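Numbering (this note's numbering), first residue to last: 10 to 164.
Structure record follows, encoded as structure tokens.
Structure (structure tokens):
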């Protein structure tokens, strides 16, 4: 497999619940929706987590509708839209959106930190594997290493 994109689903404290690869020529929204359909039917999935915080690239009404059918609520970072002529309603919507962006940005570092830990493994930095299964297996090994390191620090 020459080109791929790696996705991870984490909770607030950084535990990875799911990791998957998609082809580089597949749209991110499509790959994410396909994986979330599989994730929603998993028996080991925690039922508590229903909020998904995503990048601006995942902002889509269709994706929000499909995820709400699966029981998830999608929040994505939105850009501030500054208009020359603003009404009172526009100002209220902008202030609500800026508040949401601040709340969402508090948790974005968690996923970035997990990706950073994954990229510390030289084997995962470049994809040398022939199959996606072997690459995902090495992703899981690196995640196990990360969990063991966190547990050993607490003692």
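Even glycine gets a Cβ: it sits at the ideal position worked out from N, Cα and C.
Quick caveat: nothing in here was measured; it's all calculated off a predicted structure.
Opposing strand residues paired with residue i [DSSP bridges]
{"i": "residue 15", "result": "30"}
{"i": "residue 25", "result": "19"}
Run of the beta strand (DSSP E) containing residue i, from where it starts to where it stops
{"i": "residue 85", "result": "82–85"}
Straight-line gap, residue i to residue j (C-alpha atoms, nearest Å)
{"i": "residue 85", "j": "residue 140", "result": "32 Å"}
{"i": "residue 16", "j": "residue 30", "result": "6 Å"}
{"i": "residue 49", "j": "residue 122", "result": "25 Å"}
{"i": "residue 71", "j": "residue 44", "result": "15 Å"}
{"i": "residue 27", "j": "residue 125", "result": "16 Å"}
{"i": "residue 42", "j": "residue 131", "result": "29 Å"}
{"i": "residue 146", "j": "residue 114", "result": "30 Å"}
{"i": "residue 46", "j": "residue 155", "result": "27 Å"}
{"i": "residue 66", "j": "residue 159", "result": "31 Å"}
{"i": "residue 13", "j": "residue 116", "result": "25 Å"}
{"i": "residue 35", "j": "residue 74", "result": "20 Å"}
{"i": "residue 119", "j": "residue 63", "result": "12 Å"}
{"i": "residue 98", "j": "residue 111", "result": "Only weak support is given to the placement of residue 98: the predicted model assigns it a pLDDT of 49, under 50, and the value that follows is read from those uncertain coordinates. The alpha-carbon atoms of residue 98 and residue 111 are separated by roughly 20 Å."}
{"i": "residue 60", "j": "residue 51", "result": "17 Å"}
{"i": "residue 38", "j": "residue 142", "result": "21 Å"}
{"i": "residue 83", "j": "residue 77", "result": "8 Å"}
{"i": "residue 107", "j": "residue 144", "result": "38 Å"}
Classification of residue i by the beta-carbon crowding that lies within 10 angstroms, buried from 16 upward
{"i": "residue 22", "result": "exposed"}
{"i": "residue 148", "result": "buried"}
{"i": "residue 19", "result": "buried"}
{"i": "residue 152", "result": "buried"}
{"i": "residue 25", "result": "buried"}
{"i": "residue 150", "result": "exposed"}
{"i": "residue 79", "result": "exposed"}
Endpoints, alpha helix (DSSP H) assigned at residue i
{"i": "residue 63", "result": "Looking at the DSSP string, residue 63 is not in any alpha helix (DSSP H); the run it does join, the beta strand (DSSP E), is 60–63."}
{"i": "residue 163", "result": "141–163"}
DSSP-derived helix/strand/coil call for residue i
{"i": "residue 130", "result": "coil"}
{"i": "residue 93", "result": "Per-residue confidence for residue 93 stands at a pLDDT of 44, beneath the threshold of 50, marking its modelled position as unreliable; no derived number is given."}
{"i": "residue 51", "result": "coil"}
{"i": "residue 35", "result": "coil"}
{"i": "residue 73", "result": "helix"}
{"i": "residue 68", "result": "coil"}
Residue i beta carbon near the ligand PLP (any heavy atom closer than 7 Å)
{"i": "residue 78", "result": "Questions concerning the ligand PLP fall outside what the structure shown contains, since it holds no ligand whatsoever."}
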